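Chemist:
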Amino acid sequence: MAEITNTNQPSQPLLELNNIDKSFAGIHALSGVSFNLRDGEIHALVGENGAGKSTLIKIITGAYTPDKGTIDLNGVTYNSLDPERARRLGIGVVYQEFNILPELSVAENIFLEAPPMRRFGLIDMKKRTQMATQLLERLGQGNIDPNEQVKNLTVGEQQIVEITKALATNARILILDEPSAVLPSRDLDRLFNVIKTLRAEGHGIIYISHRLNEIFELADRVTVLKDGKTVVTKDVSETNNTELVRFMVGRALTDMYPPADAKQGNVLLDVSHLNIEGTVFDINFQVHEGEVVGLAGLGGCGRTTVCRTLVGLGKIRSGQIQYLGNRAQRSPDKAAKAGLVLIPEDRKTHGLILNQSMRFNMVLPNLSQIKRWGVLQTRTENQIVQKAISDIQIRPSNPDITAENLSGGNQQKIVVGKWLLTNPKLVIFDEPTRGIDVGAKAEIYMRIRELTRRGIGVVMASSELPELIGMCDRILVFHEGRITGELARADFTEEAIMILATATEKSALPCE
Amino acid sequence: MNSIPVKPNVFSRFTTLRANQRLVSGVDWAGKWAAPILDILILILAGFIAPAFYNPENLKTVGIQIAILGVVAIGQTVVLLVRSIDLSVGMLMALGAVIVVQTQEGASIPLALIEAFLTAAAIGLIIGLLVTKRQVPPFVATFGMMVFIQGARLAYSHGQASGTVPELLRAISINPLGGFLPAALVVWVLANLAVLFVLKLTPVGRWIYAVGGNPAAARYAGINIDAVVIGAHIFCSMSALLGGLMLSGYIGYLDLGLGADYNTNAIAAVVVGGTTFTGGRGNLYGTAAGVVLLILLLNLVVVLGLPINWQLAMQGLVLVAATALQGFRQFLLNR
Amino acid sequence: MSILTGTPKEYVDRWRPVFAFIRKNGSIVLIYGIILIIALWASIFSPAFRSAPNMVNILRQSIIIGLIAIGQSVVVITGGMDFTVAMVARTTALTIATIFLYSHSNSDLIIPLIFLGIGIGLILGLINGVLVTYTHANPFVITFGVANILRGIDLAISQNPIRGIPAPYLKIYDAQIGIVPVNIIVMALVWFAAWIFTTRTRPGRALFAVGGSERIARLSAIRINWTLVMAYVFSGACAALAGLFLLSRNGVGDPAAAEGMEFQSVVAVALGGISLYGGKGSMIGTLGGVLLIAMLWNVFNFMHVDIYYQQLLLGLVVLIAVAAYKSPRSL
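Protein chains in written order, with the numbering used here: chain E, 365 to 876; chain H, 5 to 339; chain A, 2 to 332.
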């Protein structure tokens, strides 16, 4: 565990990715991506959701194998890595979801894989504590007690344990995936100090974040990914916020979005001063009949929490949601009866019972429609299922096919179909077209337009900027649980949205 | 400091088993059709090696046993469908019988029946609450309940098996309807039809499959998961009670060892019939086939004159084999 | 006197290490606290309870179930459960008894048969472990089923008590070294070994990782299957050892031996604070659970609790124990 001195700079990079290609089921996640990391460097990686950042990381950590291209580590070239080998070669990663066991102690978690041993196969607990203390002190975190159970630490401290864990396996390259997203603002300084210490020791750090000002504070270089390609790699000192945003977005708008032609009517939904669960603050907005209101923002900014809460699935701390003039219902079925429905973000875990048929899924929230004297009428069931299938154009149209055997696009259509059958007045779409093919996307957009023509209000939360710009009448931009701005159609540009989505001032976050 | 070598060991073979489509469909098919096919095979086999099986008296016995186990298995199926399980059914059968037979001394039969059903419902309610509100693993909750019921039964009966079995109980089990069909079979078939109806054609049935198949999605669809699970447990306890009453009606007297095997057998029958432990998959047809299979096997042991321990071993074997098969099947399906 | 004086802040500071200890080992403190309370209360009511022979008796009563519970703890830590323990004990006892019978009570065979007995436990545990890991099936149900199979096999071995155990063997259970009974020494050794194993060896800690999160265990290069099999093998060995002691205590190979002990072992484990979800717990806690149960039976007898209500009370204790340990995991 010797410290690495910062001697060779800038000669051979620590890590180099050359021309990496990676596709999934015909969709290019990465094409011709090149990236390098020097030792003693903090290299930031930015890009909007779906740009390819996590695919790139998974290739570096060996979870994925590139279709084309090579990986150079310490001068040795590899065609691909596997997790074992990546770890042995000194690549460590800290995700947002921590991999530590809460019931065990800090020291034990750090050395879970290879604790120091004594004779007879016994773990040398004293030495383990000692080594843990050393590592923690090296990072300037000597105040964390190595014998404390991890579950009693704060999130910030747990994250430090994760980082220390990577160090314990001799990671020379450390990848941090949006580390600041889980931290309250007062812990950010501690994190940054740790990262800077690591840099001073000669480690190479890949830092992924949506908060551009953090990057200007921490990083030496920054690489922008867009649509699976490297746009640019620059020294941080030679660029600025606005330029980065322009690199991140800025693409030609296709015209697959049906034009907006609905008249807007009365207020359907009125949200005022809504605070949710300690992560979303002071949300205010309204939705009118026939209107499409977009919710934009980068990962973890609170959009999904707001969507869930609107149908009653989140814990409101304060504030009000008024729907059709009354207080909104606090459970999804009551909300649906009142005409307010949610198409959830994750269709497989929240939207569908995968081992049941299309028919079963579609009818599930609509049982009262096909019920007569407590019994479900098969004929009525068939009727409405057939109607829904033809309305949304689900192909194949056999309603008895099991949901898990359908394509992503059709699965999404089932979810949309089932909720539209409830005759809603306001539909909330959370990532309506994530992971589905172009044809299905277009059909969903058409459906949304139809809804607005009938006077139904739509809320659309999405990471896809073109989609928001193409479909919405207004866009509300979220950042760290607050609305940072609202854009009218005249002002729709990807850059404008992104600037609002990434603008951050540390002091804007309240303490927990 | 050190490297972490990965030594291939005898177990890595199985963790890297690739689920090719044929294997998955094959195991899935086996999971669903094992019971009915084996049923037919055994029936044919019995004709050759144990013709005494087809003796009318024996068939009547087999029929009644199928009916009794079947009724208990219906409740167990519902509970398994919502990702839970009930290990206390055997004990509950005994407790119910004790309550009805012993209370009846001097009191009225309907009152005793009401008391028994209320007790069963209360037990189901407690189990349901433990499982939903306290998140106790269902095995542990029902297992604890089993110990408790055992104690309750001993306390209630003071260790004595006394009292005569009311005529009513005999009427629902042994009495031949139309001269040959044991009443128990009719009860079983009716119960099956009723529950089949509920599962397929009522909202409650859909909720059960939804909660078992994907609780999170069920929640997003606005279904009250806790209510469904608690209801399932109450139903299971009551069907176990019915089975216990039928059993004591069949035996004709109160036996302290009543219902001991029904735990294993009910679960084995349901699992063999294609219902999985992971919820949302399975139906009553499969359970019925599983019940038939189990009773056929046990009966064959008797008809062939084999010693009683074969029965016990057989029960365990079926349970282990069925669980292993379904576990493997679920594992493959989830990959 | 000085521990009670001083300003509130000083008072808290002085006691801080104690509070930390309590917070960290909550369930253990709880159970030993309950034991202490019950012991004190029983001593007041019945002087006979307080006597040394009775205390030793309580310890003695807990040997068999204690051994079984140690093995069960290990399995529960991995997130599973071993319902075969009682039957393994019984099968071991019956098998060894049969061999004694057929060898005409040859007392030279005692030592080899003890090893054979443990071997039986190891093999049966291996079967459990392999079934659970290879088929990815539910350990609760698999062991439940195997227990039934064993029950059948046991009846096949014998339906009546098997006599013919050599006299020296019968003395093992009651043997004493000085004033300390041998069986308590054995249990202490086994318990100590289990404690060291689960707190200070890598495979032992792997049990907690596997029980806590298989995903994380896999990421830490822990061999999950091997760990699980080992847990069941150990449980089988402990149960077999208990069976050997049972044989010595009963004096005959009893086909009804160890009835209900799998229940009791799970109760002891649950009372001892080992989370039934796995990933957490300690041998010290299990020991407490075992002692508590033994003490409760003892107290019941002293208080002349109606025997028919003893089981009911035990069941009530089980339910309360089970309801009390709420886990954060949700459906």
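Positions of the beta carbon are idealized from the N, C-alpha and C atoms, including for glycine.
Computed from a prediction, not measured in an experiment: that's the story for all the values here.
Can the beta-carbon of E/Arg402 be found closer than 8 angstroms to that of E/Gly454?
Modeler: No.
Chemist: On the CB-based measure, 16 or more other CB atoms within 10 Å of its CB, does H/Trp340 come out buried or exposed?
Modeler: Since the first and last residues shown for chain H are 5 and 339, residue 340 of chain H lies out of range.
Chemist: Using CA coordinates, which residue listed in A/Gln73, A/Ile66, A/Ile154 and A/Ile29 is at the minimum distance from A/Phe361?
Modeler: Past the edges of chain A, shown from 2 to 332, lies residue 361 of chain A, and the structure says nothing about it.
Chemist: Give me the subset of the segment 722-748 of chain E whose CB atoms are less than 9 angstroms from a CB atom of chain H, sorted by chain position.
Modeler: Those would be Phe724, Asn725, Val727, Leu728, Pro729, Leu731, Ser732, Lys735, Gly738, Val739, Leu740, Gln741 and Thr742, in chain order.
Chemist: Of all Cβ atoms in chain E, is any one closer than 8 angstroms to the Cβ of A/Gly274?
Modeler: No, because no Cβ of chain E sits closer than 8 angstroms to the Cβ of A/Gly274.
Chemist: Do the segment 285-301 of chain H and the segment 97-107 of chain H make contact, defined as three or more Cβ pairs closer than 8 angstroms?
Modeler: Because the criterion of three Cβ pairs below 8 angstroms is not met, the segment 285-301 of chain H and the segment 97-107 of chain H do not touch.
Chemist: Is the Cβ of E/Met810 closer than 8 angstroms to any Cβ of chain A?
Modeler: Not an interface residue.
Chemist: Could you check if E/Pro548 belongs to the surroundings of the ligand NAP, using beta carbon to heavy atom distance under 7 angstroms?
Modeler: The model on display carries no ligand, and the ligand NAP is accordingly not part of it.
Chemist: Could you tell me if E/Ala854 is buried or exposed, where buried requires 16 or more neighbouring beta carbons within 10 angstroms of its beta carbon?
Modeler: Counting Cβ neighbours within 10 Å, E/Ala854 comes out exposed, since fewer than 16 surround it.
Chemist: Using DSSP with H/G/I as helix, E/B as strand and the rest coil, what is A/Asp307?
Modeler: A/Asp307 falls in the coil class under three-state DSSP.
Chemist: Along chain A, in chain order, which residues have C-beta atoms closer than 7 angstroms to that of H/Leu321?
Modeler: Those within 7 angstroms of H/Leu321 in chain A are Ile150.
Chemist: If we ignore side chains and look at the alpha-carbon of each, how far apart do A/Ala269 and H/Ala195 end up?
Modeler: Roughly 40 angstroms separates the two Cα atoms.
Chemist: Along the chain, where does the alpha helix (DSSP H) that runs through H/His237 open and close?
Modeler: Start and end: Ile229 to Ile255.
Chemist: Could you tell me which uninterrupted alpha helix (DSSP H) segments, each at least 4 residues in length, are contained entirely in the segment 52-87 of chain A, listed from first to last along the chain?
Modeler: Taking only runs of at least 4 residues, the alpha helix (DSSP H) segments lying wholly in the segment 52-87 of chain A are 53-78.
Chemist: Would the segment 498-505 of chain E count as touching the segment 520-537 of chain E if we require 3 or more Cβ pairs under 8 angstroms?
Modeler: Yes, the segment 498-505 of chain E touches the segment 520-537 of chain E.
Chemist: In this structure, what does DSSP give as the bridge partners for E/Ala660?
Modeler: E/Val841.
Chemist: In chain A, which residues lie with their C-beta within 7 angstroms of the C-beta of E/Pro479?
Modeler: Those are Arg203, listed as they occur along chain A.
Chemist: E/Pro623 to E/Lys777, Cα distance in whole Å?
Modeler: Approximately 21 angstroms, taken between the alpha carbons.
Chemist: Using CA atoms only, rank isn't needed, just tell me which of E/Pro830, E/Ala852, E/Thr857 and E/Pro788 is closest to E/Gly414.
Modeler: Comparing Cα positions, the closest option is E/Pro830.
Chemist: What number of angstroms, rounded off, separates the C-alpha of E/Tyr686 from the C-alpha of A/Ala322?
Modeler: One detail in the question is off: residue 686 of chain E reads as Gln in this sequence, not Tyr. Distance between the alpha carbons of E/Gln686 and A/Ala322 is about 45 angstroms.
Chemist: Name the chain A residues that come within less than 9 angstroms of E/Asp534, Cβ to Cβ?
Modeler: It should be pointed out that residue 534 of chain E corresponds to Asn in this sequence rather than to Asp. In chain order: nothing, as chain A lies at least about 14 angstroms away.
Chemist: Over the uninterrupted alpha helix (DSSP H) stretch that includes A/Gly118, give me the two end residues.
Modeler: Start and end: Ile111 to Thr136.
Chemist: Going by DSSP, what residue range makes up the alpha helix (DSSP H) through E/Asn473?
Modeler: Looking at the DSSP string, the run of the alpha helix (DSSP H) that includes E/Asn473 is Val470 to Ile474.
Chemist: Check whether the segment 109-129 of chain H and the segment 59-73 of chain H touch, using three or more Cβ-Cβ pairs below 8 angstroms as the test.
Modeler: Flag = no, the segment 109-129 of chain H and the segment 59-73 of chain H do not touch.
Chemist: Mark E/Phe793 as exposed unless 16 or more other C-beta atoms lie within 10 angstroms of its C-beta, in which case mark it buried.
Modeler: So E/Phe793 ends up on the buried side.
Chemist: Rounded to a whole number of angstroms, what is the C-alpha to C-alpha distance between E/Ala702 and H/Gly155?
Modeler: E/Ala702 and H/Gly155: Cα-Cα distance of roughly 50 angstroms.
Chemist: DSSP three-state label for E/Asn769, please.
Modeler: DSSP places E/Asn769 in helix when its eight states are reduced to three.
Chemist: Taking Cβ-Cβ distances below 9 angstroms as the criterion, which residues of the segment 160-192 of chain A are in contact with chain H?
Modeler: So the close ones are Gln160.
Chemist: Does any residue of chain E have a CB that is nearer than 8 angstroms to the CB of A/Ser106?
Modeler: Judged by the 8 angstroms Cβ criterion, A/Ser106 is not in contact with chain E.
Chemist: Please classify E/Gly642: is it buried, with 16 or more other beta-carbons within 10 angstroms of its beta-carbon, or exposed?
Modeler: E/Gly642 should be labelled exposed.
Chemist: Taking CB distances under 8 angstroms as the criterion, tell me whether E/Phe856 reaches chain A.
Modeler: Cβ-Cβ to chain A under 8 angstroms: no for E/Phe856.
Chemist: Can you round the beta-carbon distance between E/Pro729 and E/Lys782 to whole angstroms, since I take them to be within the 8 angstroms contact cut?
Modeler: The Cβ separation is near 6 angstroms, so the contact holds.
Chemist: With a threshold of 7 angstroms on Cβ separation, who are the neighbours of E/Asp431 within its own chain once the five nearest residues in sequence on each side are excluded?
Modeler: So the list reads Asp385, Lys386 and Ser387, once near-sequence residues are dropped.
Chemist: Within 10 Å of its beta-carbon, does E/Pro796 have 16 or more other beta-carbons around it, so buried, or fewer, so exposed?
Modeler: Classification for E/Pro796: buried.
Chemist: So is H/Val174 in contact with chain E if we call contact Cβ pairs under 8 angstroms?
Modeler: The amino acid at residue 174 of chain H is misidentified as Val; the sequence shows Arg. With 8 angstroms as the cut-off, H/Arg174 does not count as an interface residue toward chain E.
Chemist: Is it true that the segment 25-41 of chain H meets the segment 144-155 of chain H, where meeting means three or more beta-carbon pairs spaced less than 8 angstroms apart?
Modeler: The segment 25-41 of chain H vs the segment 144-155 of chain H: no contact.
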